[in-house]
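Report on the structure given below.
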Amino acid sequence: MRAHVTRTAELWKLFRNERSDPGAFYRRLAADAVAGFERRYGSLAGKRMADVGCGPGYYTEAFRAAGAVVLPLEYDPAELRLAGEPPADAVVGDAERLPIATGALDAVFCSNMLEHTPRPATVVDEMARVLRPGGWGYLSFTNWYSPWGGHEMSPYHLLGPERGVRLYEKRHGTDHKHRVGENLYVTHIGDALRMFEAHPDLVVRRTEPRYYPWAAPIMKVPGAREVLAWNCVVRFERV
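Once you know that position 75 of the sequence shown is 63 in this note's numbering, the rest is easy, because the numbers rise by one and skip nothing.
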């Protein structure tokens, strides 16, 4: 338990400097992702993976270092260059129409992209489609009522997607990256879990708060999880 709490404290420290030094924060998360996947599924060497919403490629870099064959995919070309050169062989594409053959992948990874798509169910359908039977998936997203649900507009988002945005813009101006209804959408844990439960080809293996997975029991408490889970992780498999 002490090690888990130490990790959470370290991530919090790195997150506080995320805007000035994003690489340190995301590379730590990527290392954790590799360790977690290998603990659950064995070596990543030779595994065919997609990094959906890859951004500048921190996760792609870590998966490739572990021996995986990774397709990095990103909707916004500018996101690919946030850390300099884009990851090798990156594809500009839409998560709602993945340019991947049905059943072609062993694994699919999607970090903090779901809250930026207007049709999350379509994204989940596509992730299920490209996985082989027995393949596994990882999806994380920032739930709306978490402390960071409004991204740079937090904590104004707690007043709601309309009133909160109006108040934020009144006090801080309209020059901000994330705009509700355009590239940021209200996403709830309960809705996401019901979406997975209704999917005929997927089974959820574990749901946890990303930055403190030791507190996974809170994910079973509707309402509380929407506020207490800073970021939601859904680990699933294709049946």
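Even for Gly, the Cβ is constructed at its ideal location relative to N, Cα and C.
In this text the structure is predicted, and so the values were computed from the model without any measurement.
Excluding its 5 nearest sequence neighbours in each direction, C42 has C-beta neighbours in its own chain below 7 Å: T48, P60, L61, E62, P75, A78, listed in chain order. As a beta-bridge residue in DSSP terms, L61 pairs with V40, V79.
For Y126, the uninterrupted beta strand (DSSP E) run begins and ends at 119 to 129, by DSSP. Following the DSSP letters along the chain, one finds L181 inside the alpha helix (DSSP H) bounded by residues 177 to 185. Counting the other Cβ atoms within 10 Å of the Cβ of W218 gives 16 or more, which makes it buried. Around the C-beta of A23, fewer than 16 other C-beta atoms lie within 10 Å, and the residue is accordingly described as exposed.
Between V168 and V192, the C-beta spacing is not below 7 Å. Annotated three-state conformation of L172 is strand, per DSSP. Sequence-distant Cβ neighbours of P121 in its own chain, meaning closer than 6 Å and more than five residues away, are R226. Beyond the five residues adjoining it in sequence on each side, A33 comes within less than 6 Å, by CB distance, of G55 in the same chain, given in chain order. In the structure shown, L147 adopts helical secondary structure according to DSSP, grouped into three states.
Approximately 29 Å separates the beta-carbon atoms of K165 and A95; this is outside 8 Å, ruling out the contact. If the five residues before and after D82 are omitted, its C-beta is found closer than 7 Å to the C-beta atoms of Y63, all from its own chain and listed in chain order. Rounded to the nearest angstrom, the gap between the Cα atoms of F97 and I88 is 14 Å. Residue pairing for S99: DSSP places it in a beta bridge opposite S128.
Of the residues assessed, P205 falls on the exposed side of the cut-off, its CB having fewer than 16 other CB atoms within 10 angstroms.
Under the three-state reduction of DSSP output, L155 falls in the helix class. E140: not part of any alpha helix (DSSP H); DSSP gives it neither H nor E.
Between A71 and the set R16, L127, P10, T(-6), the nearest pair of CA atoms involves P10.
Under the three-state reduction of DSSP output, E196 falls in the strand class.
Burial is judged here by how many other beta carbons sit within 10 angstroms of a residue's own beta carbon; S31 has fewer than 16 and is exposed. DSSP places R27 in the uninterrupted alpha helix (DSSP H) bounded by 10 to 29. Put simply, the backbone Cα of F129 is about 12 Å away from that of L181.
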